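Here the structure comes first, spelled out in structure tokens, and everything after it is commentary.
Number of protein chains: 2
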Amino acid sequence: MSQLRKDPLVNRWTIIATERARRPAAFVDPQSTVTNQKNCPYCQDKASPCIDESNGVKIINSSSPILDDSKPFEPHRHGLYEAAHSYGSHEIVVESPEHIANMADLPLVQIKAVLQAYALRMQTHRKNPFIEYTLAYKNYGVAAGSRNIGHARSQIMAVSVLPMRVKDKISGAEKYFDVHERCLFCDMVSQEIKNKERVIVENEHFVVIAPFASRFPFESWVLPKFHQCDFVEGIKAQEDSLASIMKDILLRFKIGLNDPAYNYMIQTSPVKDASSYKDYYHWHIEVMPRLTRVAGFERGTGFYICPIPPEMAAAFLREVDIRA
Amino acid sequence: MSQLRKDPLVNRWTIIATERARRPAAFVDPQSTVTNQKNCPYCQDKASPCIDESNGVKIINSSSPILDDSKPFEPHRHGLYEAAHSYGSHEIVVESPEHIANMADLPLVQIKAVLQAYALRMQTHRKNPFIEYTLAYKNYGVAAGSRNIGHARSQIMAVSVLPMRVKDKISGAEKYFDVHERCLFCDMVSQEIKNKERVIVENEHFVVIAPFASRFPFESWVLPKFHQCDFVEGIKAQEDSLASIMKDILLRFKIGLNDPAYNYMIQTSPVKDASSYKDYYHWHIEVMPRLTRVAGFERGTGFYICPIPPEMAAAFLREVDIRA
Numbered sequence: 155m156s157q158l159r160k161d162p163l164v165n166r167w168t169i170i171a172t173e174r175a176r177r178p179a180a181f182v183d184p185q186s187t188v189t190n191q192k193n194c195p196y197c198q199d200k201a202s203p204c205i206d207e208s209n210g211v212k213i214i215n216s217s218s219p220i221l222d223d224s225k226p227f228e229p230h231r232h233g234l235y236e237a238a239h240s241y242g243s244h245e246i247v248v249e250s251p252e253h254i255a256n257m258a259d260l261p262l263v264q265i266k267a268v269l270q271a272y273a274l275r276m277q278t279h280r281k282n283p284f285i286e287y288t289l290a291y292k293n294y295g296v297a298a299g300s301r302n303i304g305h306a307r308s309q310i311m312a313v314s315v316l317p318m319r320v321k322d323k324i325s326g327a328e329k330y331f332d333v334h335e336r337c338l339f340c341d342m343v344s345q346e347i348k349n350k351e352r353v354i355v356e357n358e359h360f361v362v363i364a365p366f367a368s369r370f371p372f373e374s375w376v377l378p379k380f381h382q383c384d385f386v387e388g389i390k391a392q393e394d395s396l397a398s399i400m401k402d403i404l405l406r407f408k409i410g411l412n413d414p415a416y417n418y419m420i421q422t423s424p425v426k427d428a429s430s431y432k433d434y435y436h437w438h439i440e441v442m443p444r445l446t447r448v449a450g451f452e453r454g455t456g457f458y459i460c461p462i463p464p465e466m467a468a469a470f471l472r473e474v475d476i477r478a
Numbered sequence: 155m156s157q158l159r160k161d162p163l164v165n166r167w168t169i170i171a172t173e174r175a176r177r178p179a180a181f182v183d184p185q186s187t188v189t190n191q192k193n194c195p196y197c198q199d200k201a202s203p204c205i206d207e208s209n210g211v212k213i214i215n216s217s218s219p220i221l222d223d224s225k226p227f228e229p230h231r232h233g234l235y236e237a238a239h240s241y242g243s244h245e246i247v248v249e250s251p252e253h254i255a256n257m258a259d260l261p262l263v264q265i266k267a268v269l270q271a272y273a274l275r276m277q278t279h280r281k282n283p284f285i286e287y288t289l290a291y292k293n294y295g296v297a298a299g300s301r302n303i304g305h306a307r308s309q310i311m312a313v314s315v316l317p318m319r320v321k322d323k324i325s326g327a328e329k330y331f332d333v334h335e336r337c338l339f340c341d342m343v344s345q346e347i348k349n350k351e352r353v354i355v356e357n358e359h360f361v362v363i364a365p366f367a368s369r370f371p372f373e374s375w376v377l378p379k380f381h382q383c384d385f386v387e388g389i390k391a392q393e394d395s396l397a398s399i400m401k402d403i404l405l406r407f408k409i410g411l412n413d414p415a416y417n418y419m420i421q422t423s424p425v426k427d428a429s430s431y432k433d434y435y436h437w438h439i440e441v442m443p444r445l446t447r448v449a450g451f452e453r454g455t456g457f458y459i460c461p462i463p464p465e466m467a468a469a470f471l472r473e474v475d476i477r478a
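The listed protein sequences derive, respectively, from chains A and B. Using this note's numbering, read the first sequence as starting at 155 and increasing by one per residue. Using this note's numbering, read the second sequence as starting at 155 and increasing by one per residue.
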């Protein structure tokens, strides 16, 4: 038997395997995802010229950018279709001068510097009137869409259209606020901390939960306990706290699940009209190991099938001993 | 440089690599996806009891169903969350008595029997007043979410909630109809056949195109040339034609891309209120080889990045010689 669960934000249903759920140990990755590449371009300064550098974190332009500012974003029609130049920016954040693969293994001070670099680059891109959204994210390991180079890095994209997924989240948060006059994320934080069973770890400013309608096994959301729609404003004076909880959850993945591939995405508010989101949107980070493949059912319906209940995933991750 | 392209149905943007596009040959799968498993459960009748059998196609219940009818779909609240029993049905279509892995290698008459079995099962499930949608789909190969057994099979799901992705498609088609008083899919078929560059193959009743805003390399849509919202009605008297064009596109994948993993999903209209969709919805099949991994940018935005322009993918698939 399985259970259907609805994500309260975007109304997306997930099918959660319960009785037939796979045990957490069944997801432990049989092989490590990262192999070292010789002649690492990020060690040897062979990569693109540096845009910015501070505290050992380097920002460079992607060598194969999927967004650039060579032409403006001007949609034009092709019959019933619409296309435009892929305007924006695509930067790589080289997270450390050391050749270390997994952010989980970086010192706290280095993770803090990476988070600060995200905020600084976002601030810069927001000054561009053609930018609607900035996304900082990481692909770690081949299964997460990264190449095997073995040098920790993440990416920052600045795009000229508001992404559909951000729109859906904002619209869901607004609807909840209209009914309850409260932020959905704040309510979620309270309920999860009170309920405990989906909490993986928490500190003074943040809590990491396995979301109720998890799409993926061991999916984890890093939720700020204090209401703020914007990542850049949100981490001010809380960088140490965020660095510490990010390292914690990434170490739990690494130790508990044998260094799996993973993605994380910082979900902040749109660049424009920030004042209209400030009451009901709440920035957060989605972190997800990549242990299963999305199949035809997910593609055909938009539903997800999660092979382990989030309560079981949270209990497993809580018990991982990260004091190595 | 890349191009942003908007899907006219669901307004989803895709970033299409153009100048930096990978050449089609770069996607050819280095290894065959299917290895044979000894003691195939589908050969040895060790699988679940047969629900239906005709023309060598067997319908069985999934041995690990993610939907079942043991309890009704009755949503209940957990604080701000909502959950329900995962009501519905989950059936496996064993496509042939022979141990053949890829539908591309089945005789036409067998593919036709599979399509007829989909229609028959859909008709049965629709009589259940608690069913809102029926999805027939296939996962072929590990990268597509299937196990390596080497015996062609597909799946039929009947679900008690209308999937988000189906809702989005219907809402997009309705908006287009409201403005143009025409079916978006019919207009797409006309434009694509006139334009030719994204057409992979066509016959009397169907055309296969690489969609303008392709999400994945070599993504292909099988579009009926005649307007009909419903798969069950739509294939009547056209089963031979559909079987022939399905075999054709699957052979092009197999020969041109070295037997890659793939999914297909039959996108038909919802079970209820069929009369309200009939003017503007148009059934179709999405077919997609699984050659790349979705990464953090896609997960964080809902955008997709397609590393090859659909025009180049279509030209490559058109030229594959399938008369082996």
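The beta-carbon is built from N, C-alpha and C at its ideal position, and this holds for glycine as well. Small disclaimer: the values here were computed from a predicted structure and weren't measured.
Where residue i falls, given that 16 or more other Cβ within 10 Å makes a residue buried
i: Phe479 of chain A; result: Nothing can be reported for residue 479 of chain A, as the shown portion of chain A is limited to 155 through 478.
i: Ser208 of chain B; result: exposed
i: Leu396 of chain A; result: buried
i: Cys460 of chain B; result: buried
i: Val182 of chain A; result: exposed
i: Ser314 of chain A; result: buried
i: Asp161 of chain B; result: buried
i: Pro229 of chain A; result: exposed
i: Glu286 of chain B; result: buried
i: Val333 of chain A; result: exposed
i: Pro226 of chain B; result: exposed
i: Lys192 of chain A; result: exposed
i: Phe380 of chain A; result: exposed
i: Ala391 of chain B; result: exposed
i: Asn256 of chain A; result: buried
i: Arg177 of chain A; result: exposed
i: Ser217 of chain B; result: exposed
i: Lys350 of chain B; result: exposed
Length of the line joining the Cα atoms of residue i and residue j
i: Ser224 of chain B; j: Ser156 of chain A; result: 10 Å
i: Phe385 of chain A; j: Tyr272 of chain A; result: 9 Å
i: Val263 of chain B; j: Asp394 of chain B; result: 8 Å
i: Asn357 of chain B; j: Met400 of chain B; result: 11 Å
i: Phe370 of chain B; j: Lys348 of chain A; result: 42 Å
i: Ala428 of chain A; j: Met276 of chain B; result: 47 Å
i: Asp322 of chain B; j: Pro283 of chain A; result: 30 Å
i: Ser430 of chain B; j: Ile324 of chain B; result: 10 Å
i: Val355 of chain B; j: Phe407 of chain A; result: 46 Å
i: Arg166 of chain A; j: Pro203 of chain A; result: 42 Å
i: Cys383 of chain B; j: Ala469 of chain A; result: 46 Å
i: Arg477 of chain B; j: Asp413 of chain A; result: 46 Å
i: Val483 of chain A; j: Ala258 of chain A; result: There is no way to answer for residue 483 of chain A, as the model of chain A reaches only from 155 to 478.
Assumed close pair residue i, residue j - CB separation to whole angstroms, cut-off 8 Å
i: Leu316 of chain A; j: Gly410 of chain A; result: In fact, because the Cβ distance is near 36 Å, the residues do not count as touching under 8 Å.
i: Gly100 of chain B; j: Arg444 of chain B; result: For chain B, the structure presents residues 155 to 478; residue 100 of chain B sits outside this window and is missing.
i: Ile220 of chain B; j: Ala449 of chain A; result: With a Cβ gap of about 11 Å, Ile220 of chain B and Ala449 of chain A do not count as contacting.
i: Glu465 of chain A; j: Tyr458 of chain A; result: Incorrect: roughly 17 Å between the Cβ atoms, too far for contact.
Contact check, residue i vs residue j, beta carbons under 7 Å
i: Arg352 of chain B; j: Ala364 of chain B; result: yes
i: Ile439 of chain B; j: Val343 of chain B; result: no
i: Ala267 of chain B; j: Thr288 of chain B; result: no
i: Arg447 of chain B; j: Gly233 of chain A; result: no
i: Val441 of chain A; j: Ile403 of chain A; result: yes
i: Arg319 of chain A; j: Thr168 of chain B; result: no
i: Asn293 of chain A; j: Asn417 of chain A; result: yes
i: Leu158 of chain A; j: Ser240 of chain B; result: yes
i: Ala290 of chain B; j: Ile205 of chain B; result: no
i: Phe372 of chain A; j: Ala238 of chain A; result: no
i: Ile310 of chain B; j: Glu387 of chain B; result: no
i: Ala297 of chain B; j: Ala180 of chain B; result: no
i: Arg280 of chain B; j: Val474 of chain B; result: no
i: Val362 of chain A; j: Ser374 of chain A; result: yes
i: His253 of chain B; j: Cys337 of chain B; result: no
Cβ contact check for the segment 430-437 of chain B and the segment 329-347 of chain B: 3 or more pairs under 8 Å: yes
message: Does the contact criterion of 3 or more C-beta pairs under 8 Å hold for the segment 242-249 of chain A versus the segment 298-310 of chain A?
response: yes
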